[in-house]
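One structure is given here, and the rest of the page talks about it.
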Amino acid sequence: MSTIQKLSIFVCHFMFLSLNPFKITFTSARSQGEALIQWKNSLVHSPTSLESWSVENINNLCNWTSVACDSAGMVSELNLLSSNINGTLSELDFTSIANLTRFDVKNNSLNGPIPVAIGSLSKLVYLDLSDNYFKGNIPSELGRLPELRYLNLFNNNLSGTITYQVSTLQKLWYLDLSCNKLDSPDWSKFLAMPLLRHLSLANNSLTLRFPGFIQDCRNLTFLDLSVNNLTGPIPESVFTNLGQLQYLNLTNNSFQGPLSPNISKLSKLINLHLGTNKLNGPIPESIGFLSDLETLELCENSFENKIPSSLGQLTKLQKLDLHSNRLNSTIPFELGSCSNLTFLALAENKLTGELPLSLSNLTKISELGLSHNLLSGEILPSLISNWTNLISLQLQFNSFTGKIPPEVGLLRKLNLLYLFNNKLSGPIPSEIGSLENLTQLDLSTNKLLGSIPLTLWGMKNLKVLQLFQNNLKGTIPEDIGNLTSILYLSLDSNRLYGELPESISWLTNLQGFSLFSNKFSGRIPQEFGRYIPQLNYVSFANNSFSGELPHQLCSGFALEMFTVNGNNFTGSLPACLRNCSGLNRVRLDGNQFTGSITNAFGVHPNLKFINLMDNQFIGEISPDWGECKILTNLRMDRNRISGEIPAELGKLTELQLLTLDSNKLTGTIPSELGNLKKLFKLNLSNNHLSGPIPRNISGLLELQFLDLSKNSLTGTTPKELGNCNKLLSLNLNHNKLSGDLPGELGSLDVLQYSLDLSSNSISGKIPPELGRLISLENINLSHNNLSGEIPTTLLQMISLYSFDFSYNELTGSVPIAGPFQNASQEAFAGNSGLCANIKGLPPCDSVSTSKSSRRHTIKLVLGITLPVFAVLASTVAASFACRHQRNQLDKEAEGRKFEHSESIWNTIERRFKFGDIVKATEDFNERYCIGKGGSGSVYIAELPTGQVVAVKKLNIPDSIDIEVINRKSFENEILMLTEVRHRNIIKLHGSCSHKGLMYLVYEYMARGSLKSALYGEEGRVELGWAKRVKIVQGLAHAVAYLHHDCFPPVIHRDISLSNVLLEAGFEPKLSDFGTARLLDPNSSNWTAVVGSYGYMAPELALTMRLTDKCDVYSFGVVALEVMMGRHPGELLNPLSSSSTLSPGNREMCLKDLLDQRLPPPTGKIAEEVVFIVRMGLACTNIEAESRPTMCLLAQELSARTQACLSEPLGSITVSKLTKYQK
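No gaps in the numbering here: position 648 of the sequence shown is 674 in the numbering used here, and each next residue is one more.
Below, the structure written as structure tokens:
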């Protein structure tokens, strides 16, 4: 809107005022008094201070409390600040007090709308309605107060848009509308307010961009727009027009873009608050020209690059807050020149380097926060000794080394000291005990040694003491009882030992007490908990405690987390547990508890996890468990619990894991368990359950592990189990199941670990649909009444490496191809009608072998071998044509050869044309090249069908001898890959030979190699611990398949990060078989040195002897590299006598070895990571014979899907991981 238009609005508004919309009322002093008395009587609460407002005193109006009069004796001011008034303004007749110049009702309890009648106070100069409960809109009538200079509506419940009439108050110098619920208006209707010096619109619901009228309010000294939802860049005109600003606060909005270098033009700024926005780019150096600046807040943005050294010029600066940005420089030395700093926050950036010595000049510093960075070096005594005014020192989550300086004892004002998650070593200085004002001390997750200083036990004001995950040793003395203010005490994951002193029972303010993973022994003091009513977290887990738990441990019924697993506790549980309604997590597993659990627990609505396994509990499972509505894990396995499984467990709709195995449970499986839609593991095995398997178990669509084995279940195997399409393992063995085996089980296409229905009474034929289980690794149908032939479709089960069909009534010939090619007699024993060329079984002859079976076998063999002969024939033909071309004897033959190369033979019934690939790559142009290796280059090609493939182009030199070698390698690769069907091995789509070159067409992996993912941005952002574990597991299965399921076995010879490709979901695919050799187990396999540097087994370079153990070594290196985020060369030493582990690395803490770009793993993932590192170290043993087999490794990795870490990550050293047994 133009200036002329705005002026027109103002003139019209002024004329409108001149018409005086309010009736002019001539009043007397008496009528003013009566109006005030009437309003007072309408109030909900009238304070005693207004007693003078009475009819009896009406002639003394000008002497009433809070009333002031003008020279004519008329009321001119009402000053009711903080008068404890409760009511509304609706009964106050403003027309009777028209001479009012000041109306102040700040800090009362007035509510309701702001009366429009206030607009009649044409002489009003000062209006303060702040700190009340007014609601509704700001009345536009306020724009009819032409003399108003001060308007304060702060901290009410006003809503709606801000009326533009406010901007017509051209004499206004103070406007505060903050802390309401106001919305953005059409700012274009607002006039400039040339006299406005103070403007606050903070803490409302303003949206859209920066209000445009503000930039024309050139006399502003105070501007606060914080805590709104304003967006867009900060206008340049703010910096160029508002040169009088002393205070600017735009905190908690969504302003974005870089901060203008013109910020320096706000030369009078004293306070600058721009935190919690989306500002980015560098912090401008020009900010150092704001010489009067005392407060600078740029926190919680996306500022990057360095901290400007020009900040050192801000000698008046008292507060500097840059935390939570992306700053990645060192701390500038010049910052030490800001000698008036009392508050410095640089936390949560990427700052590196050591603390500059110049920071010792910050003698006034009281709060220093440098946490969550990459700072290193020692904490120097010269720094600490000068910071004697410190109240808070936070250096956690860095890489500081060395000892904690004893000079820390000089910081007598210190309340909070956080040094956790660093690499500090040495003892805890006893001088810390002299910090009498210290309330919080956290030195956890370091490498501190020695005993806990006795002086620490005398810190009577200490509320939080965290020393966990160090190497502290010694006992806890009776002096711990002096910590009378302690709320949270964590000493877990150290090497502390001995018995707990009785004095812990007198820590009456204690709320959290954690001692897990130490070496404590003896009994818990029996008075512990009796006098500690607020105790809500207790952990004694993984120690050697014995005896009974204190009976009054939870006497305050406040317990929420209680873990005592992994000890030798005996006896019954404390009765008070039943009444702890706030219980959230309970672990009692791995003890020797006895007693009944029938009534040990009550209804716990907040309980999420409980584990009672591996004890000697008796009694029955209470129906009350069904009321723990948010329970996710319920484990009671391996006890002596009896009775039936209560149907009420079906109410636990959040339950994910239910294990009741190895008890004495009877009765049937409740059909209500079919309601547990989130259940992924159900184990009821090894009980005395009977009756049929409920059909509605098919509704458990998230189920991955189902074990009902070793019971007395009857009836048939439910075909509905085929609907549980996420099942990985199904175990129903040792029951009394009968009837046919349902073919619907073949729909479990992700079934991987086990299908076990052995030791039942199942009859009928083996369903051919089971052949669709191409991921299955173990199948056991033994000890049943199965009949008929073994379906040849089972040869499609390419992942199968363990099978048992023994002791049935099967007939016909045993298939001897695919997964059964190395079958043993034991897998088929007890089937009198079976025959095979397997030792221990009768041979098949023309009489005993059915013609039908033979026809099936012939078809299968032809289906496998004809494509192989086709490849060999095409390769030989191509070679023959190349030699004729070279001799130029038959040009027509060359033409025919090219025709043959137009069709690319493939294994999945697709056909490509060589011309399509040439066209898609523009004749193999370099810009389509996505990788190069010793055997050739790889190109990306999009075919006419839209399919994207990777084409490997193998170069063949002119030398005939080398050509033959390369061609044989090519044939080996083709023959081997045509038979490979594994989800973790790259698929070969086709191949051809043309003009002296050979080509392979593979499936294309969009994410590229594991190497690029690990060392790129994905390694930090997307490649978390769970994905890394999944990658190592998949790679292990791939290599195991090559070694143990291919005949002859295949050695890859070049396993490295570059040869592992990733699907979109991070599923690994092993690639590059260009150097693969077929291994004859009876040959010596002497070969040339091959493989990638850093991944080759040490014996290969020395002996030139290639074995499957060479692949195991390479796999181990890759596994370690994936976990460490870097090549493990620093960890391995080929000259070590018994292991490749360097002696100097044996005591390295595992958490320091892992990829530091990720937070440490926790829970189940932590156990899997630990196992993979242990496995990787075993694989890289210098003695090849001592390395485990890939088959064993794959099995072990699969079996650890539900493991739990036996000790904390911080206490595990590398030396503890070298005890892996094959």
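Using N, Cα and C, we set each Cβ at its ideal position, and we do this for glycine too.
Starting from the C-beta of Ser813, find all residues in its chain whose C-beta is less than 8 Å away, skip the five residues before and the five after it, and write them out in chain order. Excluding sequence positions up to five before and after Ser813, its CB lies within less than 8 Å of the CB of Ser789, Gly790, Lys791, Asn834, Glu835, Leu836, Thr837, all in the same chain and listed in chain order.
At 4 residues or longer, what runs of the alpha helix (DSSP H) sit wholly inside the region 244 to 321? 262 to 267
Nearest-angstrom beta carbon gap, Leu208 and Ser231 [assumed within contact, 8 Å]: The distance from the Cβ of Ser231 to that of Leu208 is about 6 Å, consistent with a contact at the 8 Å cut-off.
Who pairs with Val612 in a beta bridge, going by DSSP? Phe588, Ile636, per the DSSP bridge assignment.
Contact check, Thr427 vs Glu404, beta carbons under 8 Å: Yes; because the gap between Cβ atoms is below 8 Å, this pair is in contact.
Straight-line Cα distance separating Ser543 from Cys1175: When rounded, the distance between both Cα atoms is 16 Å.
Sorted by chain position, which residues of the same chain lie with C-beta nearer than 6 Å to Val564's C-beta, five sequence neighbours on each side aside? The answer, listed in chain order, is Phe539, Phe588.
I need the DSSP call for Tyr1030, collapsed to helix, strand or coil. Coil at Tyr1030, not helix or strand.
Let me know if Ser80 comes out buried or exposed under the rule of 16 or more other beta-carbons within 10 Å of its beta-carbon. Around the CB of Ser80, fewer than 16 other CB atoms lie within 10 Å, so the residue is classed as exposed.
Residue environment, Asp212, which counts as buried when at least 16 other CB atoms sit within 10 Å: exposed
Which word fits Asn625, buried or exposed, when buried means at least 16 other C-beta atoms lie within 10 angstroms of its C-beta? exposed
Rounded distance between the beta-carbons of Pro672 and Ile647, thought under 8 Å: 6 Å
Host alpha helix (DSSP H) of His630 (start-end): For His630, no alpha helix (DSSP H) encloses it, and the DSSP letter there is neither H nor E.
Is it buried or exposed, His714, if we count other Cβ atoms within 10 angstroms and call 16 or more buried? exposed
If you scan the region 1170 to 1243 from start to end, which runs of the alpha helix (DSSP H) of 4 or more residues do you find wholly inside it? 1176 to 1179, 1189 to 1205, 1216 to 1225
Answer with buried or exposed for Leu579, where buried requires no fewer than 16 other C-beta atoms within 10 angstroms of its C-beta. Classification for Leu579: buried.
Go ahead and pull the three-state DSSP assignment for Lys1095. strand
Under the rule that 16 or more other beta-carbon atoms within 10 Å means buried, what is Pro1234, buried or exposed? buried
CA-CA distance, Trp90 and Leu225? 34 Å
Where the beta strand (DSSP E) through Asp154 begins and ends: Note, Asp154: beta strand (DSSP E), 152 to 154.
Exposed or buried, which one is Val1199 when buried takes at least 16 other CB atoms within 10 Å? By the Cβ neighbour-count rule, Val1199 is buried, with 16 or more other Cβ atoms within 10 Å of its own.
What do you reckon, is the C-beta of Val1027 under 7 Å from a heavy atom of the ligand HEM? As far as ligands go, the structure on display features none, and thus does not contain the ligand HEM.
Taking the Cβ atom as the reference point for each residue, do Ser97 and Thr127 lie within a distance shorter than 8 Å? no
In or out: Gly1091 buried (at least 16 other Cβ within 10 Å) or exposed? exposed
For a cutoff of 8 Å on Cβ pairs, would you count Leu969 as touching chain B? Annotation note: the requested chain B is absent from the structure, which comprises a single protein chain.
Option in Lys978, Asn110, Gln1221 with minimal Cα separation from Lys74: Inspection of the sequence shows that residue 74 is occupied by Thr rather than by Lys. Of Lys978, Asn110, Gln1221, the residue nearest in Cα terms is Asn110.
Does the beta-carbon of Lys978 have 16 or more other beta-carbons within 10 angstroms, so that it is buried, or is it exposed? buried
Assuming Cys1217 and Ala1145 are in contact, meaning their beta carbons sit under 8 Å apart, how far apart are those beta carbons, in whole angstroms? Not a contact, Cβ separation roughly 16 Å.
For Gln847 and Pro841, I'd like the C-alpha separation in whole angstroms. 8 Å
In terms of DSSP beta bridges, what is Asn487 paired with? DSSP lists no partner for Asn487.
Out of curiosity, what's the CA-to-CA distance linking Asn535 and Ser511? 6 Å
Which partner residues of Gly645 appear in the DSSP bridge assignment? Note: Gly645 sits in no beta bridge, so no partner.
Quick one: residues in its chain with C-beta nearer than 8 Å to the C-beta of Ile164, no 5 flanking neighbours on either side, listed in chain order? Ile140, Leu179, Leu184, Gly186, Ile188, Thr189, Val192, Leu203, Leu208
For the alpha helix (DSSP H) containing Gly538, list its first residue and its last residue. First-last for Gly538: 538 to 540, but that is the beta strand (DSSP E), not the alpha helix (DSSP H).
Rounded to the nearest angstrom, what separates Ala919 and Phe940 at their Cα positions? Only weak support is given to the placement of Ala919: the predicted model assigns it a pLDDT of 37, under 50, and the value that follows is read from those uncertain coordinates. Take the alpha-carbon of Ala919 and the one of Phe940: they are about 18 Å apart.
Member of Leu541, Asp130, Ala584 whose CA lies at the smallest distance from the CA of Asn569: Leu541
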